[in-house]
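What follows is a short report on a single structure.
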Amino acid sequence: MECIIGVAFKDFVILATDATSVSSIIVQKHNEEKVYKLSDHLMMAVSGASGDTHQFAEFIAKNVQLYKMRNNYELSTAAAAHFTRQNLAQSLRSRSAYNVNMLLAGFDKDAGGELFFLDYLAASIKLNYGAHGYGGMFATSILDRYYRKGILLLSCNLSLLF
1 MECIIGVAFK DFVILATDAT SVSSIIVQKH NEEKVYKLSD HLMMAVSGAS GDTHQFAEFI
61 AKNVQLYKMR NNYELSTAAA AHFTRQNLAQ SLRSRSAYNV NMLLAGFDKD AGGELFFLDY
121 LAASIKLNYG AHGYGGMFAT SILDRYYRKG ILLLSCNLSL LF
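In our numbering, the protein residues as written are 1 to 162.
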């Protein structure tokens, strides 16, 4: 049902999601926005319980913006992933844990494109590609076979056209 996919390359990261919001076997919404802009160089794709995903993503986005205002520079992709993981871990130990899986993508001039895989148990790992949801099981096998780190953005655009 729900699916989010992320692929990191040398100079960019691609995030893709479906637009459905489901609860058990009921489709609640067909136009759910699952990708959130955290800053000029950070994006986050989320899946899980619809109330939790929206609230948690907005919380992280506003705190990343607050960090930039207080310190006059943006968080790196790794720092944003660690901050997000810390907040997931803290909520996990409370009575109101967030049921949110996410892919956090960003671009740093030094590190290039980076992708972090985070789940609702606050596990976090940097990957070249990752996916959550039922479609992720299928997509991961395709990415295992065909992923190449050095592909150019123009090649991705052309392959999407044909």
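Built from N, CA and C at the ideal position, the CB exists for glycine as well. Given the structure is predicted, the values throughout are model-derived calculations rather than measurements.
Cα-Cα separation, residue i to residue j
i    : j    : result
Y67  : S47  : 25 Å
M43  : S94  : 26 Å
I142 : H82  : 28 Å
H133 : G150 : Looking at the sequence shown, residue 133 is not His but Gly. One C-alpha to the other measures close to 27 Å.
D110 : L75  : 13 Å
M102 : I4   : 8 Å
F9   : N128 : 7 Å
Q55  : S39  : 17 Å
I25  : A19  : 16 Å
E2   : A80  : 24 Å
K34  : T53  : 8 Å
N71  : Q65  : 10 Å
For residue i, the three-state DSSP class (helix, strand or coil)
i    : result
L142 : What sits at residue 142 in the sequence shown is Ile, not Leu. Of the three classes helix, strand and coil, the one that applies to I142 here is helix, per DSSP.
G48  : strand
I60  : helix
G150 : coil
7 Å Cβ shell around residue i - same chain, five flanking residues per side excluded
i   : result
Q28 : S21, V22, S50
R85 : L118, A122, S124
Assigned exposure category for residue i - 16 Cβ within 10 Å defines buried
i    : result
F117 : buried
L92  : exposed
H30  : exposed
G130 : buried
Y120 : buried
Own chain partners of residue i with C-beta closer than 6 Å, once the 5 adjacent residues on each side are dropped
i    : result
K126 : F116
Y36  : M44, A57, A61
A105 : G6, V13, L15, M43, L115
A139 : I5, A131
G135 : C3
F107 : H41, G113
Task: Segments of 4+ residues assigned as alpha helix (DSSP H) that fall wholly inside the stretch 64 to 140 - done: Within the stretch 64 to 140, the complete alpha helix (DSSP H) segments at least 4 residues long are 77 to 92, listed from N- to C-terminus.
- [ ] May I have a chain-ordered list of the beta strand (DSSP E) segments no shorter than 3 residues that lie completely inside the stretch 13 to 57?
- [x] Here the runs fully enclosed are 13 to 17, 21 to 23, 26 to 29, 35 to 39, 42 to 48.
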